[in-house]
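Chains A and B, in that order, are what the protein sequence lines are.
The letter at position 38 of the first sequence is residue 34 when you use the numbering used here, and the numbering goes up by one with no holes.
Position in the second sequence (from 1) plus 36 gives the number in the numbering used here.
Where a beta carbon is used, it is the ideal one built from N, C-alpha and C, also for glycine.
None of these values were measured; they are calculated from a predicted model.
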Amino acid sequence: MDLILNRYRNLTALVAAILVQLVLLAYQVKSNQEVRLIRVWAVTAVTPLARLLEGGRSGSVNFFKDYFVLLDVREQNKRLQTDLNRVQLENQVLRSELDTAERGKALSVFQEQTQMKTVAARIIGNSPGSNGRVVLIDRGTGSGIQPGMAVITPDGIVGKIVSSYPTASNLLLITDPTFAAGVLSQKNRVHGTLKGTGNSNVIVDYVQNEQNVEIGEWFYTAGDDRIFPKGLQAGIVTAVRPGRTVKEIFLNPSGLQHGLEDVLVILEGDHKPIPDLPPVNQSVHLQPLPPTEGDPANPLNTAHASTNSGGAETDLDREVERTRRIGEDQKHVFGERGRGAPDFNRVPDPGATRPPAAAPPQAKPAAAVPTTPSATPSANQPRP
Amino acid sequence: MSDITAGFSEPPRRTKTAKFRWITLVGVPLAAILFQVYVPRFFTYLAYLELPLLVTVYFSLRRRSPPFGVLFGMCIGLTQDALWPGPSHPLGMYGIVKTLVGYFAASVSQRFEGSSALLRLVLAFFFFFFHQFFYWVLARALLGEAISFEPIQTLVLAVLNAAVAVPLFRILDKLDVTD
């Protein structure tokens, strides 16, 4: 026996290694459990290195931009971008308020939205396989993240947590072929299952050929999978064609539209109704205003403060009131064709003091998110 | 059987076995895996570069020892598996494939001169295709996954990986501490 083993030493080593791994595979498949210890070791070994690399990269890039190329232009650009975002937000409010009288609904949506408990996370790595759609985020069980939790961006759903470790978690993107979630179309209330395809598109499966789905229609999460709360944007239909047994529906996932850098993991979700109005009449949900960065003399902030005394209860009220006052001050009639827009940089009352900024519901990366107009789920609807 | 294995158990005939520091044997594969985890975030097209595979091929070729190739490939493959979570990818998928790659690469090196650029190009091409194909076979046969295999795309990627392998192997040659 020893002679044979010695003679076929190489083959013996190969067969032993393959056998060990086959047994390991069989155990995992049979018991439907993963060998957690090995994964924890591997993730814990790689996470600090990935963080170090990411820190080094972002640090050196910022250093280069700040000190060698643009000096303080980057800071100024950030300030201008904040102003621009604020103005765009105001335009959204105006358009919404002129289009629809359902302000109460907008407020209700806003209040419901803020009830969701989330934790912000940053993506620090991809899956090691060349065809993987799994990414590594820098939050783990230490932040309360557990497998099965939904992950979103303000633009829509992104994926779900498939495994969590003390310092990091694995996020399965909705484009992965193994991903599935229940979805519901906005217009025709068609139920289906959203599945990844392995590329940038996703499909909605199990929709009968007789059911009506149109190109440009939005799909929202249905909430029946018990992962994603109902009412989150999933994507917009880009192609529909009848299949052999069920319809072939292709979606452009809205959550991945602007790339993936920071995401929100939903710790406690809340279900919302799916909006049934066409996008043109839809109320716009607004996130709280971003906290301004140490500039109490900012005229926009002072204007914001000045409107705060008018009995307004929410930021939306204050924004509407302020916009109305700017319009009155410049004798601008909103909604009249050919009049353009008023100058939002000219504020009627720059002398007022600034109130404390509304605290964002989540940690630092997400705090910057609400400043963009796309940060509102319903604000992403196509406009006429 | 004895014909097949006889050549493999013979001592190297042409050149001697390369030696590497232990830190090289640990650090280079770790860097390759880290590259695959981190860099495609910023350069998506680099996700198709299978650096852990190329590293497996290289060290197996240079060490000329099938048991070493088996162990080395298994470790790299299992680490990759461990970083790819969930029931859709159990531990051992990449492990088995890279174990075979390590074994075959080390076996080939006992027959041929492993420092030839042309041979390296051909081997990197062949092993990439083998790696992708065998992974597909395992996923279908063992896990029952209905994933597709695209031969043309795989061939193109094999050419790209082979093109990267030649200069990469040349760089890794500098880490050889053989006198």
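query, result
"Coil, strand or helix - residue 113(A) by DSSP", "strand"
"Distance between beta carbons of residue 261(A) and residue 342(A), contact taken as under 8 Å", "In fact, because the Cβ distance is near 42 Å, the residues do not count as touching under 8 Å."
"Cβ-based burial, residue 130(B) [other Cβ within 10 Å; buried from 16]", "buried"
"Cutoff 7 Å; reference residue 102(B); Cβ partners in own chain excluding five residues on either side", "44, 139, 142, 143"
"DSSP three-state assignment for residue 258(A), whether helix, strand or coil", "strand"
"Alpha carbon of residue 128(B) to alpha carbon of residue 153(B), nearest angstrom", "31 Å"
"Near-chain B residues of the segment 35 to 57 of chain A (beta-carbon distance less than 9 Å), N- to C-terminal order", "35, 36, 37, 38, 39, 41, 42, 45, 46, 49, 50, 53"
"Inter-residue spacing [alpha-carbon to alpha-carbon] between residue 62(B) and residue 180(B)", "34 Å"
"Any C-beta of chain A under 7 Å from that of residue 175(B)", "no"
"Proximity of residue 197(B) and residue 164(B) at Cβ, strictly below 7 Å", "yes"
"Interface partners of residue 116(A) on chain B, CB under 7 Å", "Chain B residues near residue 116(A): none, gap ~18 Å exceeds 7 Å."
"Start and end residues, alpha helix (DSSP H) containing residue 197(B)", "187 to 209"
"Whole-Å CB distance - residue 224(A) paired with residue 146(A), under 8 Å assumed", "5 Å"
"Residues from the segment 226 to 257 of chain A in contact with chain B, defined by Cβ distance under 8 Å", "none"
"C-beta contact flag for residue 181(A) and residue 209(A) at 7 Å", "yes"
"Cβ-based burial, residue 76(A) [other Cβ within 10 Å; buried from 16]", "exposed"
"Any C-beta of chain B under 7 Å from that of residue 260(A)", "no"
"Cα-Cα separation between residue 94(B) and residue 161(B), rounded to whole angstroms", "13 Å"
"Straight-line Cα distance separating residue 236(A) from residue 243(A)", "7 Å"
"Under 7 Å by beta carbon: chain B residues contacting residue 176(A)", "Residues of chain B passing the Cβ test: none, with the nearest at roughly 12 Å."
"Of the residues 203(A), 11(A), 192(A), 137(A), the one placed nearest residue 184(A), counting alpha carbons only", "203(A)"
"CA-to-CA distance, residue 234(A) to residue 214(A), given in whole angstroms", "10 Å"
"Under 8 Å by beta carbon: chain A residues contacting residue 128(B)", "17, 18, 20, 21, 24"
"Contacts that residue 131(B) makes with chain A (C-beta to C-beta distance below 7 Å)", "17"
"Top-ranked residue by Cα proximity to residue 166(B), from 65(B), 69(B), 155(B), 134(B)", "134(B)"
"is_contact[residue 76(B), chain A] using C-beta, thresh 7 Å", "yes"
"Beta carbon proximity, residue 53(B) to chain A, threshold 7 Å", "no"
"Residue span of the alpha helix (DSSP H) that contains residue 312(A), given as start and end", "311 to 325"
"Anticipated Cβ contact below 8 Å, residue 160(A) with residue 35(A), distance rounded", "Between residue 35(A) and residue 160(A) the Cβ distance is about 11 Å, and since that is not below 8 Å, they are no contact."
"Rounded C-alpha distance that separates residue 184(B) from residue 216(A)", "29 Å"
"Contacting residues, own chain, Cβ-Cβ under 6 Å from residue 206(B) (five flanking each side not counted)", "none"
"Anticipated Cβ contact below 8 Å, residue 152(A) with residue 84(A), distance rounded", "Not really, about 19 Å apart at Cβ, beyond 8 Å."
"Residue from 191(A), 187(A), 266(A), 150(A) with nearest C-alpha to residue 168(A)", "191(A)"
"Test item: CB-CB of residue 176(A) and residue 189(A) under 7 Å", "yes"
"Contiguous beta strand (DSSP E) assignments of at least 3 residues, all confined to the segment 150 to 230 of chain A", "152 to 160, 165 to 169, 176 to 181, 187 to 192, 198 to 201, 214 to 217"
"Reference residue 267(A); option with closest CA among 328(A), 13(A), 227(A), 15(A)", "227(A)"
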